[in-house]
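Residue numbers (this note's numbering), protein chains in the order written: chain A, 1 to 364; chain B, 1001 to 1364; chain C, 2001 to 2364.
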Amino acid sequence: MFIKNCWYVAAFSKEIVNLNLFSRTICGMPMVFYREEDTGSPVALFDACPHRFFPLSKGTLTSSGIQCGYHGMQFDANGKCIKIPGQDSIPESACVQRFPLLEKNNLVWIWPGDPALADKDKIPTFETKDRASSGMDFSCFDVHSPDWLHSGGEHIRVESNYRLVIDNLLDLSHADFVHRNTIGSSHTDNEIQIDTHFDELTLHHLWSMLDTKPPHVYTLANDIEPESVDFWLDTHLFLPSTFILEHGVTATGEPREKGVCLNNINALTPETETTTHYFWVQSLLKTEGKEAKDKQIVDLWRKLTKNVFAEDEWALAEQQRNLSLLGIEELASQQRVTLETDRPSVLANKIIAKMEKKENEIQA
Amino acid sequence: MFIKNCWYVAAFSKEIVNLNLFSRTICGMPMVFYREEDTGSPVALFDACPHRFFPLSKGTLTSSGIQCGYHGMQFDANGKCIKIPGQDSIPESACVQRFPLLEKNNLVWIWPGDPALADKDKIPTFETKDRASSGMDFSCFDVHSPDWLHSGGEHIRVESNYRLVIDNLLDLSHADFVHRNTIGSSHTDNEIQIDTHFDELTLHHLWSMLDTKPPHVYTLANDIEPESVDFWLDTHLFLPSTFILEHGVTATGEPREKGVCLNNINALTPETETTTHYFWVQSLLKTEGKEAKDKQIVDLWRKLTKNVFAEDEWALAEQQRNLSLLGIEELASQQRVTLETDRPSVLANKIIAKMEKKENEIQA
Amino acid sequence: MFIKNCWYVAAFSKEIVNLNLFSRTICGMPMVFYREEDTGSPVALFDACPHRFFPLSKGTLTSSGIQCGYHGMQFDANGKCIKIPGQDSIPESACVQRFPLLEKNNLVWIWPGDPALADKDKIPTFETKDRASSGMDFSCFDVHSPDWLHSGGEHIRVESNYRLVIDNLLDLSHADFVHRNTIGSSHTDNEIQIDTHFDELTLHHLWSMLDTKPPHVYTLANDIEPESVDFWLDTHLFLPSTFILEHGVTATGEPREKGVCLNNINALTPETETTTHYFWVQSLLKTEGKEAKDKQIVDLWRKLTKNVFAEDEWALAEQQRNLSLLGIEELASQQRVTLETDRPSVLANKIIAKMEKKENEIQA
């Protein structure tokens, strides 16, 4: 099932371009996106004309909205029909659902559920305490941010249910196996300090290794390499499926912002029951006077992440293929072995189960 | 569901060639066609051997009928088994269903339902009143017709339910949108005269525009171009799904036969629930002493129609894809917006609903 | 349905290679195969990690067993988890099913059902009475056999339910039609002697033609050609689906071993409801001092059988496609015409029906 009454990333701002219709299926619903000519505001409508369910995205965009490509009915940005060729009266029912959108920090968020319940304050965000965490309100993806330099956004279409991707991100112990050839490395010699806490909306699973040899990937673009670093991988999940992964290294004992601080946005949006839109960004906390170096680090992480997430994409598709072969629709409810590293995933699944229950009540 | 107790076009005569087995699925049933060696009469049998359901169309044609390609059972034109290799007695039950066929005017019509109910008089035809309508009994597709010159028949396999194609043909207002780049043109300045009438078997939806500028497509092959014409587009539907579209122009006030008169046969035959056989022909009323010119006009309309119907094919597949995504099996029963131009389609759907009810009674 | 509590060929020995994971679906279950490093014994495990159902075959093989490619859990050859990265305790439930295997004569047999019921003595075999039948315990596929020279094993994936393949092999009258262009030939002038006998486990359908012209295919590699031969085609089925087809010719009145004696192993293993693994071998009884000639005959039969079985593969896929179109899941239960040549197939289907009943009782 889909939890529809919440905010998901629908698209990167750059994907919705003036004078162009853009279609994407979200939570099983076909949607068409465009920008209003005058305001530039993004619009999302149900992608089926109420007349004969022809996809509106196959029509044309006019200055006043979409013209259906089959019989020419025109719809404004509210989904209201404003013209029917060959007839004067327009029936009340001639309209398509408009989905609430919010555009912020280069992300276009959508509320695929009941528009009356759409609440701007429920948009995913995390607490911003100091400079190192200042991008956690997703401003790390703002191109004009004074503090953050991002990699550009990437969209992957993963061939698995979105909950398999959640489990993947909540158990980074898979890195040594799925990512053996890219970022995998064995840290079993050092003690990982783990802190997991959560509330109704967010789940935080924090990993740190103090006084350790710097992982290879953080040293690639660095001129000077500290002998020993503190290393963190802090996974923050805004339920159901929007992540920021804070990661980086700093010289042992030093504050984070003195080191290399990265925010990895991972926003998952269900497409169908077995496919997921995966939007990701890597963003770096800038170091004053080191523009060229920062650019180099971000470029490196963009390339690296592309390779790494291609490995996840493969693994998730293999997992989904096996589940489909075995006739398993939903993993969380299965009799299966649960490991200690599954704790965050089990917690998340409990909260999601609650959200699904609430969703069923809304839809009933 | 399929209405099986009526006549559909199964094939053009030219598709069923001597000494050749030809397979086509109609109303969800696999069928094999061939011509009897002695009489040349077309035969249609259920395309599954009663022994092991091997497709008979993958066997071989002998002078006495089909020999199954698996174990060599032979069936005559009545579907009766006449030989079983290795045994002398032939069980009564060793037979396949033969479907009634009628061949006339280069069309092979089939009755996919109960053979006992097949009635020759129920074959689609329309009234023939004067020379301009003389081909409406489908004789406009007779190669020896003294009056009509046809384009040759074309077969399209449309990726949609046949009822979506009916709706498409009953609402030609789509021309300005789907066919924007081919035959679309805006006639909104002239008043269209519309007459819709129907009975239990036929529905007629007649469009005419008097005293209008001749539409571009009718002037392409003409040497002299009248300043003002009367223009008609008369859609005749023999329920459930056989159309003739009369169209043409004549100098304002003149009788039709003095102008350019075309008959466009459009015969729809359900293949599966989401695919349709679409047989079409364009045919021109001949002008005495203008053979070369007539040939030129027909050629032009064949090429043009090919392009135009490729646009319909695309639009219908997009519509069906969206309906399938939305889980909508049957459009007519949906809560949806109905336009004034839908009147013929709504009427047709009411008659089809009655036919389906009757069909259910036959099958029960 | 699948009969799981019996032995099927899972693979040729050569397919399971040291240091390599090999996956194959059997009776609808994904399985992973490998050889134990120390003993070389083949192992078959359920191909889904009990943690998140990731296919184990996509992991890596270590000296102690399989390491899952997702989170690194390790399983020994018994399917027992022996290591979980990052935790010390291993839950009892952390295991995957191990399937009993038996390797003999280059064949790896599997018991896909309840391991407790797996009985070595139930492995398919046929009685060995004299030298001509000495390979009927499948030793004709032993590369070190003093008596038999085999063609190498071939694996086909047939696009049909395994029972359609059984019917195919039990009614060789299809040869004159499906194999018209390869081995088909009309023997209707000679009387075929037929003996069909069976018990709970095996069915034997024996064809012989005495004092007949030698069939073309047996004379191809022979220098001297007897004018008249005795010809046999003895189909032996070990239920549900393991065949040896004895075939050959000898000069009329002479014992078989004086002529050309071939054993054709045909082992069918259900993959899914509509696909089948088909393992085949041709093996020749050696003639003393004629190594080169024997080699030549076996090579000829390998090439010939490859072509012949490609014809069966085509016919079976066509049959299955038609059955699927008609919504027929199981042929044996259909109202259909049964021929005299179907007797072995009807008998086999009765025994299989009993086996399925028993299987349902085991699974209940």
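Every residue gets a Cβ at the ideal spot worked out from N, C-alpha and C, and that includes glycine.
Beta-carbon spacing of Val1096 (chain B), Leu1045 (chain B) below 8 Å
Yes.
Ser1283 (chain B) and Leu1262 (chain B): beta carbons closer than 8 Å?
The answer is yes: Cβ separation under 8 Å.
My parser needs the alpha helix (DSSP H) runs of 4 or more residues fully inside the region 2276 to 2347 of chain C; what are they?
Within the region 2276 to 2347 of chain C, the complete alpha helix (DSSP H) segments of 4 residues or longer fall at 2291 to 2325, listed in chain order.
Among the residues of its own chain, which have a CB less than 7 Å from the CB of Glu418 (chain A), if the five just before and after it don't count?
There is simply no residue 418 (chain A) to check, as chain A begins at 1 and stops at 364 in what is shown.
Phe1234 (chain B): first and last residue of the uninterrupted beta strand (DSSP E) it sits in
Looking at the sequence shown, residue 1234 (chain B) is not Phe but Asp. Residues Val1229 to Phe1238.
Could you work out which residues of chain B lie near Glu2340 (chain C), taking near to mean beta carbons separated by less than 7 Å?
Within 7 Å Cβ-Cβ: Gly1086 and Gln1087.
Candidates C:Pro2100, C:Gly2065 and C:Phe2099: closest to Lys2083 (chain C) by CA position
Ranking C:Pro2100, C:Gly2065 and C:Phe2099 by Cα distance to Lys2083 (chain C) puts C:Gly2065 first.
Buried or exposed, going by whether 16 or more other CB atoms sit within 10 Å of the CB of His1236 (chain B)?
Counting Cβ neighbours within 10 Å, His1236 (chain B) comes out buried, since at least 16 surround it.
Relative to the C-alpha of Thr2202 (chain C), which candidate in C:Asn2264, C:Pro2124 and C:Tyr2162 has its C-alpha closest?
It is C:Pro2124 whose Cα lies nearest to the Cα of Thr2202 (chain C).
Per DSSP, the bridge partner or partners of Trp207 (chain A):
Bridge partners of Trp207 (chain A): A:Ile194 and A:Leu233.
Can you grab the Cα-Cα spacing for the pair Asp2167 (chain C) / Leu1331 (chain B), in whole Å?
Looking at the two C-alpha atoms, the distance is approximately 44 Å.
Rounded to the nearest angstrom, what separates Pro1100 (chain B) and Gly1028 (chain B) at their Cα positions?
Counting only the Cα atoms, Gly1028 (chain B) lies some 17 Å from Pro1100 (chain B).
Between Glu2361 (chain C) and chain B, is there a C-beta pair that is closer than 8 Å?
So no, Glu2361 (chain C) is outside the interface.
Using three-state DSSP, classify Lys2354 (chain C) as helix, strand or coil.
The three-state secondary structure of Lys2354 (chain C), taken from DSSP, is helix.
Which residues in the same chain have their Cβ closer than 6 Å to the Cβ of Lys14 (chain A), if we skip the five residues on either side of it in sequence?
Nothing meets the Cβ criterion.
May I ask you to list, following chain order, the residues of the region 2288 to 2314 of chain C that have a beta carbon less than 9 Å from some beta carbon of chain A?
Those residues of the region 2288 to 2314 of chain C that come within reach of chain A (Cβ to Cβ, closer than 9 Å) do not exist; the list is empty.
Do you know offhand how far Asn1105 (chain B)'s Cα is from Cys1140 (chain B)'s?
Roughly 8 Å separates the two Cα atoms.
Residues of chain C with CB under 8 Å from Tyr1070 (chain B), in chain order?
Listed by position along chain C, the residues whose Cβ is nearer than 8 Å to that of Tyr1070 (chain B) are His2174, Phe2177, Val2178, Ala2315 and Gln2319.
So, does the CB of Arg1131 (chain B) fall closer than 8 Å to a CB anywhere in chain A?
Chain A places no beta carbon closer than 8 Å to that of Arg1131 (chain B), leaving this residue out of the contacts.
For Gln2067 (chain C), is the classification buried or exposed, using 16 other Cβ atoms within 10 angstroms of its Cβ as the cut-off for buried?
Buried.
What are the partner residues of Gly1184 (chain B), as DSSP defines its beta bridges?
Answer by DSSP bridge pairing: none, since Gly1184 (chain B) is not bridged.
Using CA atoms only, rank isn't needed, just tell me which of C:Val2249, C:Trp2007 and C:Glu2200 is closest to His2366 (chain C).
For chain C, the structure presents residues 2001 to 2364; residue 2366 (chain C) sits outside this window and is missing.
Between the CA atoms of Asp88 (chain A) and Asn1322 (chain B) - distance to the nearest angstrom
Approximately 28 Å, taken between the alpha carbons.
Would Pro2270 (chain C) pass as an interface residue toward chain A - the criterion being a Cβ-Cβ separation below 8 Å?
Taking Cβ atoms only, chain A never reaches closer than 8 Å to Pro2270 (chain C), which makes this a no.
Per-residue contacts from Ala2048 (chain C) into chain A (C-beta, under 8 Å)
Near Ala2048 (chain C) (Cβ distances below 8 Å), the residues of chain A are Asn322 and Leu326.
I need the boundaries of the beta strand (DSSP E) containing Thr219 (chain A), first residue and last residue.
First-last for Thr219 (chain A): His216 to Thr219, but that is the alpha helix (DSSP H), not the beta strand (DSSP E).
Given a threshold of 16 other Cβ atoms within 10 Å of its Cβ, counted over all protein chains shown, does Pro255 (chain A) qualify as buried or as exposed?
The residue in question, Pro255 (chain A), is exposed, as its Cβ has fewer than 16 Cβ neighbours within 10 Å.
Tell whether a beta-carbon distance below 8 Å holds between Leu1206 (chain B) and Pro1344 (chain B).
No, they are not a contact pair.
Check distances from the C-beta atoms of the region 1225 to 1243 of chain B to those of chain A and list, in chain order, the residues that come in under 7 Å.
Near chain A, meaning a CB-to-CB distance below 7 Å, no residue of the region 1225 to 1243 of chain B qualifies.
Going by alpha carbons, who is nearest to Leu2164 (chain C) out of C:Ile2328, C:Glu2340, C:Glu2361 and C:Phe2177?
Taking only the C-alpha atoms, the option nearest Leu2164 (chain C) is C:Ile2328.
Closest by C-alpha distance to Ile1265 (chain B), when choosing among B:Val1229, B:Phe1231 and B:Arg1302:
Minimum Cα-Cα distance from Ile1265 (chain B) among the listed residues B:Val1229, B:Phe1231 and B:Arg1302 corresponds to B:Arg1302.
N-terminal and C-terminal residue of the alpha helix (DSSP H) that Asn1168 (chain B) is part of:
Start and end: Tyr1162 to Leu1170.
Bounding residues of the alpha helix (DSSP H) (the contiguous stretch that carries Ala2175 (chain C))
Looking at the DSSP string, the run of the alpha helix (DSSP H) that includes Ala2175 (chain C) is Ala2175 to Val2178.
Distance between Tyr1070 (chain B) and His2174 (chain C) (C-alpha atoms, nearest Å)
Approximately 5 Å, taken between the alpha carbons.
Do Pro2050 (chain C) and Ala2094 (chain C) have their CB atoms nearer than 8 Å?
Yes, the Cβ-Cβ distance between Pro2050 (chain C) and Ala2094 (chain C) is below 8 Å.
Are Leu2149 (chain C) and Val2298 (chain C) closer than 8 Å when you measure CB to CB?
By the CB criterion at 8 Å, Leu2149 (chain C) and Val2298 (chain C) fall inside the cutoff.
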